[in-house]
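Numbering (the UniProt record's numbering), first residue to last: 1 to 277. Ideal Cβ placement from N, Cα and C applies to all residues, glycine included. Just so it is clear, the structure is predicted and the values come from calculations on it, not from any experiment. See structure below.
See the structure below:
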């Protein structure tokens, strides 16, 4: 993987609600990659998305769907895609709020959550992700090697998608909420779908995450054990929420690096091309 801590892209390429960008931001080169914007037909509309894949590889590529934080598909999420592409994956990050609005129009996290994120139905998101997978299969991707990862809001979605799509081979959820109130847009949470998980899930959590207390993590672990689900949860004692977000003060380098290596190992463990399945 080619990583460079150089002058970061302008703040307006990140999330307006969390400016300014910190000096720890990682910028990954796109040298040797195909990257760019695309649209994905889904439920009668065209959803914007951003993708990255290696150049000069003829064989179908393993696919990682990258699910955004609450802030949408901004520079950090694109950089995650570039990092994965350098490792041989087709990585694609869809704009999953596109029907409800644009996260770049919000400068306060509370308003973003209240006026946009809360209005995005889970059912809509899961159906859109199915179309993302279909798009990947028609654009250099191998759907026999389909993975998903996501952060914050996207981490929660990863758990739900692992119970939704039986084609999925593995999921890695970074600090996604596990429990919560049941609403019309979010009728179920990860703790409610443990018995339906069809893909193994790795959950990566921070021990100092005020928004996801450790008792909710333990509740999830108990639910997973009761369902005999193939899943693992790792808690980093010194990390808080968003510990992989290298553009924010919440970044915890040691935890982020360990989580990244665990994610890659998780995908490799369930890659059928590498285990003879």
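Give me the Cβ distance between residue 303 and residue 143, rounded to the nearest whole Å; I'm assuming they're in contact under 8 Å.
No statement about residue 303 is possible, as the shown extent of the chain runs from 1 to 277 and does not include it.
Exposed or buried, what is residue 158 when buried is set at 16 or more other beta-carbons lying within 10 Å of its beta-carbon?
Taking the chain shown and counting its residues from 1, the one referred to as residue 158 is at position 158. Buried.
With distances taken from CA atoms, which of 113, 126 and 149 is nearest residue 262?
Counting from 1 along the chain shown, the entry for residue 262 is found at position 262. Of the listed residues, the one whose Cα sits closest to residue 262 is 149.
Pairing CB atoms from the stretch 212-224 with CB atoms from the stretch 178-189, are three or more of them under 8 Å?
yes
Collapsed DSSP secondary structure at residue 76 in the structure displayed:
Within the chain shown, the letter at position 76 stands for residue 76. Residue 76: helix per DSSP, three-state reduction.
Which of the three DSSP states is assigned to residue 148 in this structure?
Sequence index remark: in the chain shown, residue 148 carries index 148 (1-based). DSSP places residue 148 in strand when its eight states are reduced to three.
Give me the Cβ distance between residue 80 and residue 92, rounded to the nearest whole Å; I'm assuming they're in contact under 8 Å.
Taking the chain shown and counting its residues from 1, one reaches residue 80 at position 80. Taking the chain shown and counting its residues from 1, one reaches residue 92 at position 92. Wrong, their Cβ atoms sit about 11 Å apart, outside the cutoff.
By DSSP, does residue 15 sit in helix, in strand, or in coil?
As a working mapping, residue 15 is identified with position 15 in the chain shown. Here residue 15 sits in coil by DSSP.
Judging by CA-CA distance, which residue of 270, 206 and 222 is the nearest neighbour of residue 245?
The residue labelled residue 245 in the question sits at position 245 within the chain shown. The candidate whose alpha carbon is nearest that of residue 245 is 206.
If we ignore side chains and look at the alpha-carbon of each, how far apart do residue 233 and residue 135 end up?
In the chain shown, counting from the first residue as 1, residue 233 sits at position 233. In the chain shown, counting from the first residue as 1, residue 135 sits at position 135. One C-alpha to the other measures close to 30 Å.
At which residues does the beta strand (DSSP E) containing residue 120 begin and terminate?
In the chain shown, counting from the first residue as 1, residue 120 sits at position 120. Premise fails: residue 120 is in no beta strand (DSSP E) and is neither H nor E.
How about residue 74 and residue 14: are their beta carbons less than 9 Å apart?
Translated into positions along the chain shown, residue 74 becomes position 74. Translated into positions along the chain shown, residue 14 becomes position 14. Yes, the pair counts as a contact, with Cβ atoms nearer than the cut-off.
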